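One structure is given below, encoded as structure tokens.
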Amino acid sequence: MIGFVTETGKEQVTYYTSYNEKRKTGRKEFLESCSGAVILLNPDERSGEKDYPAKIRNELINKSILPLTLTAALISIIYLFYNNFAAGENTYSKVILPLVFTKIAGIVLSVLLILHEFEVHLSVTDKLCHLNKATNCNTVLNDKASKVFGWFGWADVGFVYFTGSFLFLLQSPEGEGLSLIAILAALSVPYPLFSIYYQGVVLKKWCPMCLGVQLILITEFILLLPQLLQLSFSFNSVTRLVLSLLVIALVYTLFILFRREQMSGEMHYYKYLGFKKNPDILRMLLMNQPHYEIPLSESSLIFGKRDASIRITAFLSLHCSHCARAFEKIRNMLSENEDIIINLVLITSDNKMLTTLYNNNRQGKEAESLELMEQWFNADPYSRTKITEGLCIHEDDEISGKVNEEIGLLYKECNVLGTPTIFINGYKLPSQYEIDDLRYFREIFKGKEEISIKAKAVN
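Numbering (my numbering), first residue to last: 4 to 462.
Here you go:
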């Protein structure tokens, strides 16, 4: 056992055997039990934990925040008691400004609690919720006791209560609404008592923002306590209060339902992306389809690297809006120097456009062909005739006839029923994927015939 000696005297030795276990024993007894091995620690300015004084100060501040807040709250409550029951001005003039402050503070704290439940992290809420080991907002907010019914929790009730009563207070004549606000404050008192008991006794964890709401409710009750002795309200004021609370509750519920549905959609979307971007999923979907040998000939419109490992065959129509979007993605992939070779199989009724593209292809003018197709797809249908009218190359029926014949055969052989249809190394790209998704799956196409070999091995 190792002992850390802190003090030695003529008759007694004080030492620690662990972090918290302090012992005192007689000097003679200590020397008898000592093995004789002694390590002398001679501290200097570099000894000890780094920034230890600053950390101790921060710890003291964190530990003192809650007691100081409770002390300040107690002093405020005593002052409110004295102020409300002291002679002088009427109740309305005494409480209206503090009441407006409590309503606004309640709304702010309720919003912070709701944002925290939605996992919107703010520096102020993160600090409040982790002041020390005894504070943990998540433990309190995620407990079943924090829910009224379903997803509707006490934080939501607090927002509706403070906002609705504040709205009612703004539209009430002087003093008329205080009696109803006082009744609401009295009815709400059991909740803070229960919440404080539940946090302290059952959960043994505190939520500082929740405690702030409880403090506000108790403060409002004390502020309006004299008003309970002189209740006075009309049917119209009751109606206004009910409508204020109902309108706020309805608008808030609709907004939260919309937001939850939006978050649920986002969650499912990201789960779908995780599933979709799994290389094994794409490999399985590709190999479960028939493989087509799509030859490259003199009539093929080829772009990209001729020795690339990814061979894309894109069946497009020059008169199809979806094909325009697919072409834009193909153009972007080519501009990013992806390891791809692209064979465009185009159908069009404009033979002059087709002749121009194939003449450019034979002369190695890939950039001109891509620019021409981009110009074509970006133009409206009525402006496309002007594009072909400006082309210098005359229509060649022999080229267009031969190309259209080969394209027709490819459509039948590859069982292409519509455009755009994309094939990757002879396999039809599944409908769940866009052509530019291939950038995430380069490892699948490391070898030119890798998928084909694997598919044959499976068969």
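Note that the Cβ used here is the ideal one computed from N, Cα and C, for glycine as well. Values in this document were obtained by computation on a predicted structure and should not be read as measured data.
Asked                                                                                                               : Found
Thr17 versus Ser36 - alpha carbon distance                                                                          : 14 Å
Those residues which DSSP pairs with Ser320 across a bridge                                                         : Ile350
At least 3 beta-carbon pairs within less than 8 Å: the stretch 178-192 vs the stretch 231-244                       : yes
Collapsed DSSP secondary structure at Ile305 in the structure displayed                                             : strand
C-alpha gap between Ser386 and Gly393, whole angstroms                                                              : 11 Å
Under the three-state DSSP convention, the category Tyr217 falls into                                               : The residue asked about is misnamed: residue 217 is Gln in this sequence, not Tyr. In this structure, Gln217 counts as helix in the three-state DSSP scheme.
Anticipated Cβ contact below 8 Å, Leu131 with Pro195, distance rounded                                              : Not confirmed; about 18 Å, so no contact.
CB contact flag (Leu227, Leu181, <8 Å)                                                                              : yes
Outcome for Ala460 when other beta-carbon atoms lying within 10 angstroms are tallied against a minimum of 16       : Residue confidence for Ala460 is low, a pLDDT of 42 falling below 50, so the modelled location carries little weight; the figure read from the coordinates is stated next. Exposed, since its Cβ has fewer than 16 Cβ neighbours within 10 Å.
Environment of Arg309 [buried if 16+ CB atoms lie within 10 Å]                                                      : exposed
Whole-angstrom C-beta distance between Asp440 and Met336, which should lie under 8 Å                                : No, Met336 and Asp440 are not in contact; Cβ-Cβ is about 11 Å, not under 8 Å.
Pick from Arg262, Lys150, Ala327, Met356 that is closest to Val123, judged by C-alpha positions                     : Arg262
Nearest candidate by alpha-carbon position, reference Tyr295, set Thr28, Ser303, Asn428                             : Asn428
Span of the alpha helix (DSSP H) around Phe197                                                                      : 193-200
Beta-ladder partner(s) of Arg26, from DSSP                                                                          : Tyr18
Coil, strand or helix - Gly153 by DSSP                                                                              : coil
Helix, strand or coil at Tyr164 [DSSP, three-state]                                                                 : helix
Nearest neighbour of Arg484, chosen from Ile5, Val98, Asn45 [CA to CA]                                              : An answer regarding residue 484 cannot be provided, because it is not within the stretch 4 to 462 covered by the chain.
Short CB-CB distance (under 8 Å) between Gly215 and chain B                                                         : No chain B is present in this structure, which holds just one protein chain.
Nearest-angstrom Cα separation, counted from Leu304 out to Ala370                                                   : 12 Å
Coarse secondary structure for Phe236, derived from DSSP in three states                                            : coil
Gly411 versus Val419 - alpha carbon distance                                                                        : 10 Å
Anticipated Cβ contact below 8 Å, Lys208 with Val143, distance rounded                                              : 6 Å
Cβ distance (whole Å) where Leu172 is taken to contact Lys106 below 8 Å                                             : 7 Å
Spatial neighbours of Gln435 in its chain, beta-carbon cut-off 8 Å, leaving aside the 5 residues before and after   : Lys279, Leu288
Meets three-Cβ-pair contact criterion under 8 Å: the stretch 108-125 and the stretch 157-172                        : yes
Pairwise C-alpha distance: Glu120 and Leu432                                                                        : 41 Å
Buried/exposed call for Thr20, threshold 16 Cβ in 10 Å                                                              : exposed
Start-to-end residues for the beta strand (DSSP E) that takes in Val8                                               : 7-11
Nonlocal neighbours in the same chain, by C-beta distance under 6 Å from Phe318, ignoring five residues either side : Val348, Val419, Thr422, Thr424
Buried or exposed by the 16-neighbour rule on C-beta atoms within 10 Å, applied to Leu276                           : exposed
Delimiting residues of the alpha helix (DSSP H) encompassing Ile390                                                 : 387-392
Spatial neighbours of Gln15 in its chain, beta-carbon cut-off 8 Å, leaving aside the 5 residues before and after    : Lys27, Thr28, Gly29, Arg30
Length of the line joining the Cα atoms of Thr391 and Cys417                                                        : 30 Å
Whole-angstrom distance between Gln265 and Tyr273, CA atom to CA atom                                               : 12 Å
Where Phe121 sits in the DSSP three-state scheme                                                                    : coil
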